[in-house]
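K.L.:
Numbering (my numbering), first residue to last: 156 to 427.
Glycine included, every Cβ here is placed at the ideal spot set by N, Cα and C.
I'd like to ask some things about the structure below.
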Ligand code: 2YG
């Protein structure tokens with residue numbers, strides 16, 4: 156599980172407006188529209204909802220990441236949902252949120268980052284939600300994924316969320332993971348849902364064959380820039396970004412990558 160660093164997130168609150176305009180340029184969707192698309196919810200239904208949302212700092216394990224709960228709350232407020240950060244942390248924060256009438260809780264320890272709807276019991280996990288949100292973005296950038304070959308790098312929680320969304324968009328999925336057993340586990344899960352997945356074992360060969368990519372792994376420079384062409388479209392939820400810096404400006408208009416925004420927005424829409 157990647158642990159964000161303070162400088163991954165300290166710009167988020169101040170740049171949400173420009174982030175959203177860039178997202179619209181790339182996908183045709185605002186962050187709220189993209190998250191609604193990702194979970195298949197109607198925007199009009201969602202925009203009328205006014206749940207009380209609490210974001211709770213958690214000090215356990217490696218503890219607080221400076222700016223984390225503030226970044227999460229700023230994304231939720233940017234989406235038009237009133238979110239507040241509890242004064243207390245941990246169990247005290249949960250108690251405070253419930254006593255102040257929160258309907259939805261956001262909190263993260265070292266292993267799980269979850270959104271919980273106290274009324275419905277629905278729980279959204281950041282990994283699966285991030286994978287789903289990024290594939291919705293890829294689908295918009297490609298103007299549909301049906302029958303198109305997509306290479307998924309990384310078969311962890313984000314990769315599995317991405318694979319399930321790729322299956323729903325009826326893409327032709329190939330998966331590569333450094334750990335072949337992880338690819339096999341993901342393929343088995345998709346097959347249970349009646350969806351075939353091709354397992355790639357040679358990354359060089361796979362990257363030469365694909366120009367629609369989902370990089371859901373935490374490896375740096377996993378995609379060397381010589382694989383990038385003007386046809387490459389890359390949805391990259393993995394942190395840090397997996398392409399060499401020389402490749403970034405070439406692909407920038409066709410690259411989705413952010414530390415929290417798409418994942419948090421999709422979590423909210425999943426539990427609303
Ligand atoms: O409340 C706090 O400040 C800390 N307990 C937050 C710790 C979050 C640890 N998890 C991560 O940094 C990431 N898994 C979060 C999501 C990354 C998005 N791709």
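Kindly identify the DSSP beta-bridge partner or partners of residue 370.
P.N.:
Residue 370 pairs with 308.
K.L.:
Here's a check: name, in chain order, each residue in its chain whose Cβ is nearer than 8 angstroms to the Cβ of residue 220, leaving out the five neighbours to either side.
P.N.:
Taken in chain order, the residues that qualify are 158, 159, 160, 161, 164.
K.L.:
Could I get the ranges of all uninterrupted alpha helix (DSSP H) runs contained in the segment 297 to 366, with 4 residues as the minimum, in chain order?
P.N.:
Runs of the alpha helix (DSSP H) inside the segment 297 to 366: 312 to 323, 335 to 347, 358 to 364.
K.L.:
So, is the C-beta of residue 199 closer than 8 angstroms to a C-beta in chain C?
P.N.:
Among the chains of the structure shown, chain C does not appear; only one protein chain is present.
K.L.:
Would you decide whether residue 235 is buried or exposed? Buried here means 16 or more other CB atoms lie within 10 Å of its CB.
P.N.:
Residue 235 should be labelled exposed.
K.L.:
Kindly indicate which residue of 340, 229, 271, 409 has the alpha-carbon position closest to the one of residue 179.
P.N.:
Comparing Cα positions, the closest option is 409.
K.L.:
Could you give the uninterrupted runs of the beta strand (DSSP E) lying entirely in the segment 226 to 296, keeping only those of 3 residues or more?
P.N.:
Whole beta strand (DSSP E) segments, 3+ residues: 238 to 240, 259 to 263, 268 to 272, 278 to 280.
K.L.:
Considering just the uninterrupted stretch of the beta strand (DSSP E) at residue 209, what are its terminal residues?
P.N.:
Where residue 209 is concerned, the enclosing beta strand (DSSP E) stretches over 208 to 211.
K.L.:
Below 7 angstroms, is the gap between the Cβ of residue 422 and the nearest heavy atom of the ligand 2YG?
P.N.:
Not so, every heavy atom of the ligand 2YG lies at least 7 angstroms from the Cβ.
K.L.:
Please classify residue 176 as buried or exposed, where buried requires at least 16 neighbouring CB atoms within 10 angstroms.
P.N.:
With fewer than 16 other Cβ atoms within 10 Å, it is exposed.
K.L.:
Using beta-carbon positions only, say whether residue 288 and residue 315 come within less than 8 angstroms of one another.
P.N.:
In this structure, residue 315 does not lie closer than 8 angstroms to residue 288 by Cβ.
K.L.:
Go ahead and pull the three-state DSSP assignment for residue 417.
P.N.:
Helix at residue 417.
K.L.:
So for residue 378, helix, strand or coil by DSSP?
P.N.:
Three-state result, residue 378: strand.
K.L.:
Tell me, please, whether the segment 204 to 214 touches the segment 253 to 263 by the rule of three or more beta-carbon pairs shorter than 8 angstroms.
P.N.:
Taking 8 angstroms as the limit for Cβ pairs, the verdict is that the segment 253 to 263 does touch the segment 204 to 214.
K.L.:
Counting pairs of beta carbons, one from the segment 378 to 394 and one from the segment 288 to 304, are three or more of them closer than 8 angstroms?
P.N.:
Output reads yes: the segment 288 to 304 touches the segment 378 to 394.
K.L.:
CB-CB under 8 angstroms to residue 273, same chain, minus the five flanking residues each way: which ones, in chain order?
P.N.:
Excluding residues within five positions, the ones whose Cβ falls inside 8 angstroms are 253, 257, 258, 259, 260.
K.L.:
With DSSP as the reference, please indicate the residues paired to residue 411 in a beta bridge.
P.N.:
DSSP, once it has assigned bridges, lists 390 as partnering residue 411.
K.L.:
For the ligand 2YG, I want to know if residue 263 counts as a neighbour, meaning its beta carbon is within less than 7 angstroms of at least one of the ligand's heavy atoms.
P.N.:
Yes, the beta carbon of residue 263 sits closer than 7 angstroms to at least one heavy atom of the ligand 2YG.
K.L.:
Give the single residue among 223, 241, 308 whose Cα lies nearest to the Cα of residue 373.
P.N.:
Out of 223, 241, 308, 308 has the C-alpha closest to the C-alpha of residue 373.
K.L.:
With DSSP as the reference, label residue 406 as helix, strand or coil.
P.N.:
Three-state result, residue 406: helix.
K.L.:
Please report the residue range of the alpha helix (DSSP H) in which residue 199 lies.
P.N.:
Here the alpha helix (DSSP H) through residue 199 covers 198 to 202.
K.L.:
For residue 284, count neighbouring Cβ atoms within 10 angstroms of its own Cβ and tell me buried if that reaches 16, exposed if not.
P.N.:
Buried: at least 16 other Cβ atoms inside 10 Å.
K.L.:
Is residue 352 closer than 8 angstroms to residue 320 when the C-beta atoms are compared?
P.N.:
Not a contact, by the Cβ cut-off of 8 angstroms.
K.L.:
Residues in the same chain with beta-carbon distance under 7 angstroms from residue 226, minus the five sequence neighbours each way, listed in chain order, please.
P.N.:
Within the same chain, residue 226 has close Cβ partners 164, 167, 168, 415.
K.L.:
Measure the CB-CB distance between residue 213 and residue 244 and report whether it falls below 8 angstroms.
P.N.:
Yes. Within cutoff.
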